[in-house]
Amino acid sequence: MWLEENNALKQTFTFKDFSEAFSFMTRVALLAEKHDHHPTWSNVWNKVEITLNTHSAGNAVTDKDRNLAAEIDKMV
């Protein structure tokens, strides 16, 4: 579930291993490119932390972020 705090949507995804986590990141990268909206994220072994906000809107959460978050949720 996405948490909205400090002008951002945040979620941590946990996978079986690094390969699954990296595969997820690859799929999200292609989706983000399609939406022309790119996350701030990190990966440590089987965890992927994603933060979304819209830089052009003063680093606020917008519908662009909510839409990308909903699409990311469909990939899990």
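So that you can map any letter, position 41 of the sequence shown is 41 in the working numbering, and since no number is skipped, the others follow by simple counting.
Note that CB positions come from ideal geometry on N, CA and C, so glycine has one too.
Remember, predicted model here, so these are calculated numbers, not experimental data.
Pull up the CB-CB distance for residue i and residue j, whole angstroms please, since I reckon it's below 8 Å.
i	j	result
L68	A32	7 Å
N53	V44	Not a contact, Cβ separation roughly 22 Å.
N46	F18	6 Å
K64	H37	5 Å
With DSSP as the reference, identify every bridge partner of residue i, one or two as the case may be.
i	result
F13	V48
W41	I50
L3	K10
A60	T54
Please name the residue, chosen from the options, that lies closest to residue i on a Cα-to-Cα basis.
i	options	result
E4	V76, I72, R66, M75	R66
K10	H35, K74, T40, N46	T40
M75	N7, A8, F22	F22
I72	N59, E49, N6	E49
M1	T12, R27, H35	T12
A70	H35, E20, N6, N7	H35
By the three-class DSSP mapping on this structure, what secondary structure does residue i have?
i	result
V76	coil
D36	coil
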